[in-house]
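Please read the structure below before turning to the comments.
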Amino acid sequence: MSSEIVLFDAPGPKARRRHAILTVVGIVIALAIAWLVLRKMGEANQLEKSLWTPFVTDPEVWTQYLLTGLWGTIKAAALSVVFAGIFGLVFGMGRLSGNRWISGLCGAVVEFFRSVPVLIMMVFAYFGYFATSDLVSASTAPLASVVLALTLYNGSVIAELVRSGVFSLPSGQREAGLSIGLSPSQTLRSIQLPQALTAMLPALVGQLVVVLKDTALGVVITYPELLNAAKTLGSAYANTVPAYIVAALIFIVINYALTRVAAAVERWLKSRGQGPQKAGPAGITAAAVAEAESASHGH
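Number 46 in numbering that gives the first Met the number 0 belongs to position 47 of the sequence shown; there are no gaps in the numbering.
Laid out in C-alpha cells, this is it:
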C-alpha cells in the first residue's frame, strides 16, 4: 500500500486539453496586455533611450540604489522566514496538541494574526512601538517593524499549513506510531511532522515568495527595501517607470529562482526517503518505524 499523499486527482484527457487551451488563451491575453502597456509607454515617452541607459552606463544606479534596496529586501525576508518558520512550527504543533487549552490558545493566536492585514500590523508595530521605543535604534525600527509583521502573519499561515499537512496524512501513520509505544507527541514529532512538511513543501515555498514580496510594504514606513530604492532612483534620475519595471523584474527573477530551488530540495528529500514513501501494511514507512523504535528505546 502506498502512503503517498494525493492532494488532487491527476487530470484526465479532457482536463488536460482544457488546461492546454486555457494556457494558450492566457498567454495570448498576457501578450496583448504587454503590447498595450508598451504602446502606452511609448506614447508617454517612457521608452526613450535616455531613461534606460543609466541602468547600463551608471554603476551608482546599482551600487547606491538597486543593490542596496535588494539587500534590504533579502535581509528582511530572510529574518522573517526564520522567525515565521519557528512561529509556525510551534503554533502548528500547539494546534495539534491533545490539551484543549493549548490547542485553543494557539488557534486563537493563529486566527487573529491571519485576519489582520500585514500593512496594518507593520504600521502599528512601527508607529505604535518601535519608533518610540528604546528597544531598537531609530535606524533599525523600520526593519524590526517589517520583520515582526511578516513573522506574525506568515507564521500563522505556516502554522495552518503544518496542521493541514498533518491532517492530510493517512490515519495509519498515527496509529502505527502509537502501536509501537510512542506517545502522541512523539508520533507527531518523529513520524507525522516530517512527512507533512515534505508533502506541504510547495505551499510552504509559495508562502516564502509571499514573504519576499510583502517586504515591499515596508516602503510605507520608510524601510529601505527594493521598492523604496526604485522610488528614490526614479526621483533622482527622472525615470520612475523604468525604475519600477527593473525592480519588478528583479522580484520576478528571485521568486522564480526560489521556486526552482524548492523543487530541487523536494526531489532531494524524496530521493533520500524523507518524503512520503512506500509503506507497509500498517500504513507507515520503514524509515519512520526505525526512527520511532529508536526514540522509543531511548525513553
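Think of the CB as a built atom: it goes at the ideal place given N, C-alpha and C, for glycine as much as any other residue.
The straight-line gap separating the alpha-carbon atoms of A158 and F90 is approximately 6 Å.
By the 16-neighbour rule on beta-carbons within 10 angstroms, N44 is exposed. DSSP places V81 within a helical segment (H, G or I) once states are collapsed to three.
The way I'd put it, the stretch 119 to 129 doesn't touch the stretch 194 to 207; fewer than three beta-carbon pairs between them come closer than 8 Å. Nearest in C-alpha terms to F86, of all of P201, F112 and T22, is F112.
Per DSSP, E224 is not a residue of any alpha helix (DSSP H), being assigned neither H nor E. Contact between the stretch 47 to 66 and the stretch 214 to 222 is not established, with fewer than three Cβ pairs separated by less than 8 Å. For secondary structure counted as the alpha helix (DSSP H) over 4 or more consecutive residues, the stretch 3 to 44 holds these complete runs in sequence order: 12 to 42. A Cβ-Cβ separation of about 4 Å places A229 in contact with A246 under the 8 Å criterion. By the neighbour-count definition (other C-beta atoms within 10 Å, threshold 16), R162 is a buried residue.
Between V210 and S79, the gap from beta carbon to beta carbon is short of 8 Å.
Straight through space, the alpha carbons of Y222 and E110 are spaced by roughly 27 Å. Under the three-state reduction of DSSP output, I244 falls in the helix class. Secondary structure note for I179: it is in no alpha helix (DSSP H), with a DSSP letter that is neither H nor E.
In this structure L147 is not in contact with Q206, their Cβ atoms being roughly 17 Å apart against a cut-off of 8 Å.
Collapsing the DSSP output to three states places Y64 in a helix.
The alpha-carbon separation between I28 and R15 amounts to approximately 20 Å.
Cβ atoms of N153 and A75 stay farther apart than 8 Å, at about 12 Å.
Secondary structure at T231: helix, using DSSP grouped into helix, strand and coil.
A straight line joining the alpha-carbon of E224 with that of L37 spans about 27 Å.
DSSP places S114 within a helical segment (H, G or I) once states are collapsed to three.
For the 8 Å CB-CB criterion, I220 and M120 do not form a contact.
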